[in-house]
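Worksheet: one structure, shown below.
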Amino acid sequence: MPAASLGISAASGQYVARLGWGSDNRRSEVLAQEVTLPAATPLYLYVAYWIYSEELCDVGYYDRFRVYVNDDIVSENDRLCRSDNTGGWEWARLNLSAYAGRRVLLAFEIFSHSADPLASIVVLDALQLQNSF
């Protein structure tokens with residue numbers, strides 16, 4: 070989607086991926102794609118992310134954001150709440166060296182508890198595979 074439609078500038082280019090509670094009241098959303106990773110190691114995935122959460126930080130249930138390679142969780146925030154709001158773009162670096170040279174399913178998932186009326190949104194942009202820090 071155009072970043073401008075969210076009232077933000079993209080980290081790179083004009084388009085971003087938005088995951089999270091929208092007008093359709095979805096509580097879980099996944100963005101996934103099969104990719105063949107380069108064989109060279111070390112191998113890192115860099116991704117720009119922007120977190121907005123209305124979730125309270127002192128409740129018994131939380132929103133969750135995960136990154137999967139196949140069925141393996143390679144990054145997780147299982148207590149996503151207001152204190153995680155970035156207010157702008159930040160970068161994550163994920164080590165994918167264990168999957169180098171393989172065809173994998175790369176997936177980003179956001180989840181909100183069904184009893185929770187508060188929203189969390191993660192916006193992603195500028196995914197890059199690199200062989201160095």
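Quick note: the sequence shown uses the working numbering, first residue 70, plus one each step.
Yeah, the Cβ is synthetic: ideal placement off N, Cα and C, and Gly gets one too.
1) Under a three-way DSSP split, which group does R151 fall into?
2) Hey, is the stretch 71-81 in contact with the stretch 131-148, meaning 3+ C-beta pairs nearer than 8 angstroms?
3) Taking Cβ positions, are N154 and Y121 nearer each other than 8 angstroms?
4) Relative to the C-alpha of Q199, which candidate in S81, L112, R96 has its C-alpha closest?
5) With distances taken from CA atoms, which of L193, L175, L149 is nearest A161?
6) What are the boundary residues of the beta strand (DSSP E) that includes S81?
7) Under a Cβ-count criterion, where at least 16 other Cβ atoms within 10 Å of its own Cβ denotes burial, should A80 be classed as buried or exposed?
8) Between A101, A109, G129, which has its C-alpha nearest V138's C-alpha?
9) Would you check if the distance between the CB atom of D132 and the CB atom of S181 is smaller than 8 angstroms?
Reading off the structure:
1) On the sequence shown, position 82 is the one that residue 151 refers to. Three-state result, R151: helix.
2) Between the stretch 71-81 and the stretch 131-148 there are fewer than three inter-stretch CB-CB distances shorter than 8 angstroms, so the stretches are not counted as touching.
3) Taking the sequence shown and counting its residues from 1, one reaches residue 154 at position 85. Taking the sequence shown and counting its residues from 1, one reaches residue 121 at position 52. Yes, the pair counts as a contact, with Cβ atoms nearer than the cut-off.
4) Along the sequence shown, one-based indexing puts residue 199 at 130. Nearest of S81, L112, R96 to Q199, Cα basis: L112.
5) As a first step, residue 161 must be located in the sequence shown, where it is residue number 92. Residue L193 is the option with its Cα nearest to A161.
6) Counting from one through the sequence shown, the residue named residue 81 turns up at place 12. From DSSP, S81 is part of no beta strand (DSSP E); its letter is neither H nor E.
7) As a working note, residue 80 is residue 11 in the sequence shown. Label assigned to A80: buried.
8) As a first step, residue 138 must be located in the sequence shown, where it is residue number 69. The shortest CA-to-CA distance from V138 to any of A101, A109, G129 is the one to A101.
9) Numbered from its first residue, the sequence shown carries residue 132 at position 63. Numbered from its first residue, the sequence shown carries residue 181 at position 112. Yes. Within cutoff.
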